[in-house]
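So for the sequence shown, the numbering used here puts the first residue at 5; every next one is plus one.
Ideal Cβ placement from N, Cα and C applies to all residues, glycine included.
Just so it is clear, the structure is predicted and the values come from calculations on it, not from any experiment.
First the structure, in the form of structure tokens, and then the observations on it.
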Amino acid sequence: MILFIILLSGCTNHNEIKSRIDYFSGVKIPAEAEILYSYIDSSFGAQGHGAQYTVFSFKDANEDFFTSEYSYGGQHYWTSPEGEKHYRETFSGTLNFAEGRLPEIEVSNVSHLVEQIEIPSEFAPNWDEEYTYFIENLTIMIYFEESNTLIYIYLGY
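Given below as structure tokens:
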């Protein structure tokens with residue numbers, strides 16, 4: 005009975021992780037994606053909008069996922085580099101993973117988060133490996149082609 009409860013809570017945790025990703029980014033992670041590692045900031049200051057760092061493994065590259073639609077219907081505020089405050093109620097589009105190198109500011113944001121929350125080295129990004137990436141507001145996704153792993157990062161606010 006105890007083993008059953010432990011297994012059931014593990015499944016629930018995986019569903020909660022994927023549901024949170026859908027809630028904050030509109031991205032639906034495929035069911036076959038296995039969660040290798042996940043961190044969610046649930047500290048008092050995060051108030052439910054804390055950072056998330058989750059590593060998924062794919063048996064095969066899921067081409068449909070990398071071009072799927074996303075739609076985030078929550079409320080979102082941000083400040084532009086010019087200091088102007090913006091509000092958008094809905095974000096939507098197509099996941100278009102870009103090739104090349106992640107912009108340096110985003111590499112810095114990811115590296116800072118990895119250090120701050122002490123991500124184990126085996127789950128930290130290997131910037132020397134070939135990858136594609138997707139950035140939309142507070143969401144960064146990095147897909148490492150050689151290892152078939154996807155790192156999902158929500159920077160929180």
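Exposed unless 16 or more other CB atoms sit within 10 angstroms - verdict on Ile109: Within the sequence shown, residue 109 is the residue found at index 105, counting from 1. By the 10 Å Cβ count, Ile109 comes out exposed.
Would you say Ala55 and Asp68 are within 7 Å of each other, going by their C-beta atoms? Against the sequence shown, residue 55 aligns to sequence position 51. Against the sequence shown, residue 68 aligns to sequence position 64. Not closer than 7 Å, so no.
Give me the Cα-Cα distance between Leu154 and Pro129, rounded to the nearest whole angstrom.
The count along the sequence shown starts at 1 and reaches residue 154 at position 150. The count along the sequence shown starts at 1 and reaches residue 129 at position 125. Near 10 Å, if we compare the C-alpha coordinates of Pro129 and Leu154.
| said: So, with DSSP's three-state summary, where would you put Val118? | reply: For the purposes of this step, residue 118 is taken as the residue at position 114 of the sequence shown. In the structure shown, Val118 adopts helical secondary structure according to DSSP, grouped into three states.
Legend entry - Inter-residue Cα distance where the pair is Asp26 and Val59: Translated into the one-based positions of the sequence shown, residue 26 becomes position 22. Translated into the one-based positions of the sequence shown, residue 59 becomes position 55. Rounded to the nearest angstrom, the two C-alpha atoms are 15 Å apart.
Q) Can you tell me the Cα-Cα spacing of Leu117 and Tyr156, whole angstroms? A) Within the sequence shown, the letter at position 113 stands for residue 117. Within the sequence shown, the letter at position 152 stands for residue 156. C-alpha separation (whole angstroms): 12 Å.
* Select from Asn19, Asn17, Ser29, Leu40 the residue whose C-alpha is nearest the C-alpha of Ser174. => Beyond the ends of the chain as shown, which are 5 and 161, falls residue 174; an answer cannot be given.
Check: In chain order, which beta strand (DSSP E) runs of at least 3 residues are fully inside the segment 21–50?
Finding: 38–44
Can you tell me whether Ser42 is buried or exposed, with buried defined as 16 or more other CB within 10 angstroms of its CB? Here residue 42 is taken as the residue at index 38 of the sequence shown, counted from 1. Ser42 is buried by the Cβ-count criterion.
From which residue to which residue does the beta strand (DSSP E) around Ser61 run?
As a working mapping, residue 61 is identified with position 57 in the sequence shown. Residues 56–61.
With C-beta atoms as the reference, is Phe148 less than 7 Å away from Tyr158? Within the sequence shown, numbered from 1, the residue matching residue 148 stands at position 144. Within the sequence shown, numbered from 1, the residue matching residue 158 stands at position 154. Taking 7 Å as the Cβ cut-off, Phe148 and Tyr158 do not qualify as a contacting pair.
Roughly how many angstroms separate the alpha carbons of His53 and Arg24, rounded to a whole number?
-> Mapped onto the sequence shown, residue 53 falls at position 49. Mapped onto the sequence shown, residue 24 falls at position 20. Each residue's Cα considered, the two are about 10 Å apart.
*In three-state terms, what does DSSP make of Ile123?*
Taking the first residue of the sequence shown as position 1, residue 123 is located at position 119. Ile123: coil per DSSP, three-state reduction.
Margin query: Please state whether the Cβ-Cβ distance between Ser61 and Glu38 is less than 7 Å.
Written below: If you number the sequence shown from 1, residue 61 lands on position 57. If you number the sequence shown from 1, residue 38 lands on position 34. Yes, Cβ-Cβ distance for Ser61 and Glu38 is below 7 Å.
Quiz item: Does the beta-carbon of Asn17 have 16 or more other beta-carbons within 10 angstroms, so that it is buried, or is it exposed?
Solution: Residue numbering aside, residue 17 sits at position 13 when the sequence shown is read from its first letter. Only exposed fits Asn17, as fewer than 16 other CB atoms lie within 10 angstroms of its CB.
Find out if the Cβ-Cβ distance for the pair Phe101, Phe138 is shorter than 7 Å. The residue labelled residue 101 in the question sits at position 97 within the sequence shown. The residue labelled residue 138 in the question sits at position 134 within the sequence shown. Taking 7 Å as the Cβ cut-off, Phe101 and Phe138 qualify as a contacting pair.
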